[in-house]
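J.:
2 protein chains.
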Amino acid sequence: MPPSPVPLPALGLIGFGAFGRLVATHLAPLVSLRIHDPFVSDTAFAEAGFAPCGLAEAAACPVVILATPVATLAALVRDIGPHLCPGALVLDVGSVKVEPARIMRAGLPPGVDIVATHPLFGPQSARDGLHGLKIAVCPVRGGRARRVGAFLRRAFGLTVILTTPEAHDREAAAVQGLTHLIAKVLVAMEPLPTRMTTRSFDLVMQAVGMVRHDAPEVYHAIERANPYAAEVRRRFFDLAAQMDGALSEAETACVEG
Amino acid sequence: MPPSPVPLPALGLIGFGAFGRLVATHLAPLVSLRIHDPFVSDTAFAEAGFAPCGLAEAAACPVVILATPVATLAALVRDIGPHLCPGALVLDVGSVKVEPARIMRAGLPPGVDIVATHPLFGPQSARDGLHGLKIAVCPVRGGRARRVGAFLRRAFGLTVILTTPEAHDREAAAVQGLTHLIAKVLVAMEPLPTRMTTRSFDLVMQAVGMVRHDAPEVYHAIERANPYAAEVRRRFFDLAAQMDGALSEAETACVEG
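Top to bottom, those sequences are chains U and B. Residue numbers for the first sequence follow the working numbering, beginning at 1 and rising by one. Residue numbers for the second sequence follow the working numbering, beginning at 258 and rising by one.
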C-alpha cells in the first residue's frame, strides 16, 4: 500500500478492553492511533495487531477517547489532566452518562471540550458491522457534539441520538437495566431447554447470548452507576411479585380439572 | 376450481378460537372440515370463511381435534364421548400435556386412539407460514403418534418432537413459563423506551410482542395447569431476589465515584 499522502490525525485511546478493541479496529483506517492500557500485555496488543504507548503520549492527542470502566474514570481523569492539549476533545464511551459527565466536567482542564457518548452496542452486536447501530451523544462542554455525531453517521453509518446525560440514563435504566437483569437470572437458571422451544423463547435467549459475556464492569455500571436503575429494578420485582401472588391465589381458588 | 376427484376425508375441529382458526386455515385445503364452537357466532364463522356445525357432527369424524381451553377439556371429553366413532383418532393442541393426556385417557371411550400435541407456536409466529416451526407430539393411546408426526412434517414442514407429556411439561414450564412471566411484567411496566434501545432489548421486546396478545387462557394453562410451572417461577424469583440483594449490598459498600 502506498503511504498516505496526508498524515492521518492522531487519536488517543485509553483502555484496550473488549470495547476499546472494537473502537481501535474501526478507527485504525481513519486515524493514527496512540493506545494506552497498563492492564493489557504487549503480547495481547501484538496479537490484536496494535502497539501500546504511554499514558502521556495517548493523552496528548487532539482527540482522546476514554474506554475504561466507569468506576475508574475519576482516577483516569485526574491522571490525564496534565498531559491534555488546550483545545483537545475528550470523549468517553461508558454505559451510563450522568456520573461520567459530572466527573469529566469537574476534573478535566477548562480549555478541553467534552462529549459523552454511549454506543448502544457491544462486540456481539457489532459483529456484522456498525451500520444502523445506535449511539447516544451528549454535549458536555464546548460545541463539538454535533460534529462528532455527523462524523459517526458519515464514517460508520451509526444512528446518532443527540441527548442529555439525564435523559440517556433514564431510558438506559429500563433498556439495559431490564435486559441485563433478566439475562443474569436466566443464565443462573441454566441449563434451560434448547430443543422444545418457542420462537419467543429463542428471541429472549438470543438477547441473553448478546450480553452474557459482557464484562462484569458493564453490568455494574448499568445496575449501580445508573441513578435510575434501582427504581426500575424495584418496579420489575414489585410487578413480578404481584403476578406471582395472583397466580398462587388463583391456584388455591381454582380446583377445576 | 374443478371438484376434487376423491372426496376429502372429514375432520372434526372443536374450538374456533385464535388457534382453532389457524388449524382450520391450514387444514382446509386437505380435509373436509366440520367445525363446532358454541361461543362463536355464525357471522364470525362466515367472516373467517367457514361454516359451523353441531357437536355431534364434528365429533363423529374419523379424526377429531380439540382446540378449546385446557380448563374446559374435561367437560368437552364427557360431551363428545357418545358421538365418537370406534377407531377414531382424537388430538388436542393445549399448551400443557400432563393434565390433558390424563383427562383424555380417563374420559374417552376405549376404542378411540389419542395423540396429545402442543404446537410450539401461535398465530403470531405462524404469520409467515408453518415451515420450520415446532410441534410436540405425545402418544397417549394407540399407535398413531408417529403417523401423525410424519403427516405434520410432510404436509406443513413442521419440526416434530416426539415426547411424553411429563417431559413436555418439564421443558415447557421453563420455555413458556419464563417467556410469559417476563412478558407479563414488561407489559405492565409500559411505556418502555423505543428510541434509545439496544439490539438485545429489541429482541426481548420482539418476544414480548409475540405473546402479549395470547388469550388469557393460554397464560393460565402455562402458569397454572403445568405442574412444573410454580417451581420454575419460584427459582426465577429467588434468583432475582439474590441479584437484587447483591446489588443493594454492593451499593452500600461501594461509594467510589
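Glycine included, C-beta positions come from ideal geometry on N, C-alpha and C. Source: prediction; values computed, not measured.
What did DSSP end up calling L203 of chain U once you bin it into helix, strand or coil?
T.: Three-state DSSP puts L203 of chain U in a helix.
J.: Would you call the CB atoms of V140 of chain U and A116 of chain U closer than 7 Å?
T.: Cβ atoms of V140 of chain U and A116 of chain U: closer than 7 Å.
J.: Where G87 of chain U and A229 of chain U are concerned, what is the direct C-alpha to C-alpha distance, given to the nearest angstrom?
T.: G87 of chain U and A229 of chain U: Cα-Cα distance of roughly 35 Å.
J.: Counting pairs of Cβ atoms below 8 Å between the segment 332-349 of chain B and the segment 367-382 of chain B, do you hit three or more?
T.: Verdict: yes, contact present.
J.: List, in order along the chain, the chain U residues whose C-beta lies closer than 8 Å to that of E480 of chain B?
T.: Within 8 Å Cβ-Cβ: L247.
J.: Kindly indicate which three-state DSSP category P473 of chain B falls into: helix, strand or coil?
T.: Helix.
J.: Which value, in whole angstroms, describes the spacing of the CA atoms of T68 of chain U and C85 of chain U?
T.: Whole-angstrom Cα-Cα distance: 20 Å.
J.: Quick one: measure Cβ to Cβ for L443 of chain B and L449 of chain B, integer angstroms, because I've assumed they're closer than 8 Å.
T.: So it is a contact: roughly 7 Å between Cβ atoms.
J.: Between which residues of its own chain and H168 of chain U is the CB-CB distance below 7 Å, once the five residues before and five after are set aside?
T.: Correct list, in chain order: K97, H118, A136 and C138.
J.: Label V417 of chain B either buried or exposed according to how many other C-beta atoms from any shown protein chain fall within 10 Å of its C-beta, with 16 as the threshold for buried.
T.: By the neighbour-count rule (16 or more Cβ atoms within 10 Å), V417 of chain B is buried.
J.: Buried or exposed for Q242 of chain U, please, with buried defined as at least 16 other CB atoms from any protein chain shown within 10 angstroms of its CB.
T.: That one is exposed.
J.: Would you check if the segment 217-225 of chain U and the segment 461-475 of chain B touch, i.e. whether three or more CB-CB distances between them fall below 8 Å?
T.: In short, these stretches do not touch, since the Cβ pair count stays below three.
J.: What residue from B:F458, B:S382, B:R403 and B:P295 has the CA that sits closest to T197 of chain U's CA?
T.: Here the closest residue by C-alpha is B:S382.
J.: Return helix, strand or coil for H375 of chain B, following the three-state DSSP convention.
T.: Three-state result, H375 of chain B: strand.
J.: For D113 of chain U, is the classification buried or exposed, using 16 other Cβ atoms within 10 angstroms of its Cβ as the cut-off for buried?
T.: Counting Cβ neighbours within 10 Å, D113 of chain U comes out buried, since at least 16 surround it.
J.: May I ask you to list, following chain order, the residues of the segment 319-351 of chain B that have a beta carbon less than 7 Å from some beta carbon of chain U?
T.: Those would be A328 and A331, in chain order.
J.: DSSP has L22 of chain U in a bridge; who is on the other side?
T.: Bridge partners of L22 of chain U: none, in fact.
J.: For V512 of chain B, count the other beta carbons within 10 Å of its own beta carbon; 16 or more makes it buried, fewer makes it exposed. Which is it?
T.: For V512 of chain B, the predicted structure reports a pLDDT of 41, less than 50, and the residue's modelled location is therefore unreliable. The matter cannot be settled from this model.
J.: Closer than 7 Å by C-beta to D42 of chain U: which residues in its own chain qualify, once you throw out the five before and the five after it? Chain order, please.
T.: The answer, listed in chain order, is P52.
J.: On a Cα-Cα basis, can you pick out the residue from B:P367, B:A328, B:P357 and B:S352 that is closest to G338 of chain B?
T.: Of the listed residues, the one whose Cα sits closest to G338 of chain B is B:P367.
J.: Can you tell me whether S289 of chain B is helix, strand or coil according to DSSP?
T.: Strand at S289 of chain B.
J.: Would you kindly work out how many angstroms separate the C-alpha atoms of G274 of chain B and A301 of chain B, rounded to a whole number?
T.: Taking the straight line from one Cα to the other gives about 11 Å.
J.: Check whether the Cβ of F45 of chain U lies closer than 7 Å to any Cβ atom in chain B.
T.: Taking Cβ atoms only, chain B never reaches closer than 7 Å to F45 of chain U, which makes this a no.
J.: Give every residue of the same chain whose Cβ lies closer than 6 Å to the Cβ of G514 of chain B, excluding the five residues on either side of it in the sequence, and list them in chain order.
T.: Note that G514 of chain B has pLDDT 35, beneath the 50 cutoff, so the model's placement of it is unreliable and no number is given.
J.: Does A215 of chain U come within less than 7 Å of chain B when only Cβ atoms are used?
T.: Closer than 7 Å: no.
J.: If contacts are defined as beta-carbon pairs under 8 Å, then G12 of chain U and A59 of chain U qualify, I think. What distance do you get, rounded to the angstrom?
T.: About 6 Å; that satisfies the 8 Å criterion.
J.: Verify the CB distance criterion: does P193 of chain U have a CB-CB separation below 7 Å to chain B?
T.: At least one chain B Cβ lies under 7 Å of P193 of chain U.
J.: Of all the CB atoms in chain B, is at least one closer than 7 Å to the CB of R235 of chain U?
T.: Yes - at least one Cβ of chain B is within 7 Å of the one on R235 of chain U.
J.: Measuring only between beta-carbons, confirm whether T198 of chain U sits less than 7 Å from chain B.
T.: By this cut-off, T198 of chain U is an interface position.
J.: Considering only the beta carbon of each residue, do V263 of chain B and A207 of chain U sit closer than 7 Å?
T.: No, the Cβ-Cβ distance between V263 of chain B and A207 of chain U is not below 7 Å.
J.: Does the beta carbon of L460 of chain B come closer than 7 Å to any beta carbon on chain U?
T.: For L460 of chain B, the answer is yes, since a Cβ of chain U falls inside 7 Å of its Cβ.
J.: Check the DSSP bridge columns for T159 of chain U and list the partner residues they point to.
T.: DSSP lists U:K134 as partners of T159 of chain U.
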